[in-house]
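**Q** The structure follows.
Protein chains: 2
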Amino acid sequence: MPDTPRLLDAIDRRILGELCQKADLSFAELGERVGLSAPATHERVKRLRADGRIKGTTAQLDGPAIGKPLLAFVHVDTSGWGKSPELMNLTELPELEEMHSVTGDTCMLLKVRLQSSQALEGFLSRLYKVTGVRATRSYVALSTYLERGVQAGISEELLETPDPSIGFVEP
Amino acid sequence: MPDTPRLLDAIDRRILGELCQKADLSFAELGERVGLSAPATHERVKRLRADGRIKGTTAQLDGPAIGKPLLAFVHVDTSGWGKSPELMNLTELPELEEMHSVTGDTCMLLKVRLQSSQALEGFLSRLYKVTGVRATRSYVALSTYLERGVQAGISEELLETPDPSIGFVEP
DNA sequence: AATGAAATTACCGCCCT
DNA sequence: AGGGCGGTAATTTCATT
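Going down the list, the protein sequences come from chains A and B. So the mapping is simple: my numbering equals the position in the first sequence, first residue as 1, plus 11. So the mapping is simple: my numbering equals the position in the second sequence, first residue as 1, plus 11.
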């Protein structure tokens, strides 16, 4: 299975664009939107899955509506680096949604969605029991203005050479 | 429309647990897993949608496989507060996946997925053009160990009173 | 265009107020 | 008696060849 089996054409992108917003379309409906017959569309989607472009389809749950009104991002400073088995154990907690190692002043970035601030305290307490965890910094979400999965589109705009006369620095 | 129309029972939670992992099960299959007939399961799912527990279903795209290998979290310092129309314009960029206002030393937290580091530069450049944006700090993901949507489960573990003898502080 | 599977509706019965 | 909920059967829509 090659890494980039085939190139995506315009129709593939439109299919991905539709499916990442609403995955429960019928193939007939999806085909109509992209200008293909149902079976042809089905074939495309099967290919996109086989090529690993589409990893699967999931239901989007509403955090507050299922009892998890609190969203937080936790930066973690560790003494060691990367994937420790102990750290990976946290993965079993359904409250943990993301775990990335990142560049910058911290090593690990976690995204957690919790029942309450008490649960956040419980989570941090759990985190500090992991050997190698030095310190944490938490950012609690006050409002979420946008939250969605990977989008198919790509902006030309961002690839333009930035105007050097404007200039910016990260401190 | 009441905020919490009905309470979730054990079967609802199991349905949510299945669907947030794999939303393209047949109702027959899903029903088998939770111990209900297909129509009864369908009824439950319809209710969970109507009550806003399930917001929709989406395809999970693979970032690298669709040409976006770079994931970054950008903390933004703004002079004003909250939702400015100018900031909300960024929402149109498919590279922007999340935007939250957060507690802590920065005001806004963004999640972006991009084609390249050049595109990240382009994005930051675009960001600095928004009035009120003072400074940014970017965390680029080196490895993603876990990335998933809202999970249905809730850990009892985190609600236990933390052992006060351990103790921890956020600096 | 045809076949088989699945979603969806209709309708009936049970249980617990 | 009635409302909520689940089961079976019938129908329509959709996936798949």
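Built from N, CA and C at the ideal position, the CB exists for glycine as well.
Along the chain, where does the beta strand (DSSP E) containing Val87(A) start, and where does it finish?
**A** Run containing Val87(A): Leu81 to Thr89, per the beta strand (DSSP E) assignment.
**Q** At which residues does the alpha helix (DSSP H) containing Gln129(B) begin and terminate?
**A** Here the alpha helix (DSSP H) through Gln129(B) covers Ser128 to Tyr139.
**Q** Do we get a CB-CB distance below 7 Å when we pair Ser48(A) with the residues of chain B?
**A** Not closer than 7 Å to any Cβ of chain B, the Cβ of Ser48(A) fails to qualify, so no.
**Q** Answer with buried or exposed for Gly91(B), where buried requires no fewer than 16 other C-beta atoms within 10 angstroms of its C-beta.
**A** Its Cβ having fewer than 16 others within 10 Å, Gly91(B) is exposed.
**Q** Near Tyr156(B), what residues of its chain come up, given a Cβ to Cβ distance below 7 Å and the 5 sequence neighbours on each side ignored?
**A** Closer than 7 Å at the Cβ level, and outside the excluded window around Tyr156(B), lies no residue.
**Q** Can Glu54(B) and Arg44(B) be called in contact, C-beta distance under 7 Å?
**A** Cβ atoms of Glu54(B) and Arg44(B): not closer than 7 Å.
**Q** Contact criterion: CB-CB distance below 7 Å. Does Ile26(B) meet it with respect to chain A?
**A** So, not an interface residue.
**Q** How would you list, in chain order, the residues of chain B whose beta-carbon sits under 7 Å from the beta-carbon of Asp73(A)?
**A** Chain B residues near Asp73(A): Gly63, Arg64 and Lys66.
**Q** Is there a Cβ from chain A that is less than 7 Å from the Cβ of Phe38(B)?
**A** False, the Cβ-Cβ gap to chain A never drops below 7 Å.
**Q** Cβ of Glu158(B) less than 7 Å from any chain A Cβ?
**A** Yes, its Cβ sits closer than 7 Å to a Cβ of chain A.
**Q** Could you tell me which chain A residues have their CB closer than 9 Å to the CB of Glu108(B), listed as they occur along the chain?
**A** Those are Leu157, Glu158, Arg159, Gly160, Val161 and Gln162, listed as they occur along chain A.
**Q** For Glu109(B), which residues of its own chain have a beta-carbon under 6 Å away from its beta-carbon, when the five flanking residues on both sides are left out?
**A** Result list for Glu109(B): Lys122, in chain order.
**Q** Short of 8 Å in beta carbon distance, which residues of its chain neighbour Thr117(B), apart from the five on each side in sequence? Order them along the chain.
**A** For Thr117(B), where only same-chain residues beyond five positions count, the Cβ hits under 8 Å are His86, Val87, Asp88 and Arg148.
**Q** Can you tell me the Cβ-Cβ gap for Leu19(A) and Gln129(B), rounded? I've got them flagged as a contact below 8 Å.
**A** So it is not a contact: roughly 20 Å between Cβ atoms.
**Q** What residues of chain A sit near Ser154(B), judged by a beta carbon separation below 8 Å?
**A** What Ser154(B) touches in chain A: Gly93, Lys94, His111 and Ser112.
**Q** Does the contact criterion of 3 or more C-beta pairs under 8 Å hold for the segment 63-76 of chain B versus the segment 93-109 of chain A?
**A** The segment 63-76 of chain B vs the segment 93-109 of chain A: no contact.
**Q** Mapping the DSSP letters down to three states, classify Pro151(B) as helix, strand or coil.
**A** The identity of residue 151(B) in the sequence shown is Val, whereas the question assumes Pro. DSSP places Val151(B) in strand when its eight states are reduced to three.
**Q** If you draw a straight line from the alpha carbon of Ser112(B) to that of Gly67(B), how long is it in whole angstroms?
**A** Going by the C-alpha atoms only, they are around 24 Å apart.
**Q** Alpha carbon to alpha carbon, how far is Ser136(B) from Val144(B)?
**A** C-alpha separation (whole angstroms): 11 Å.
**Q** In the structure shown, what three-state DSSP assignment does Glu29(B) receive?
**A** Of the three classes helix, strand and coil, the one that applies to Glu29(B) here is helix, per DSSP.
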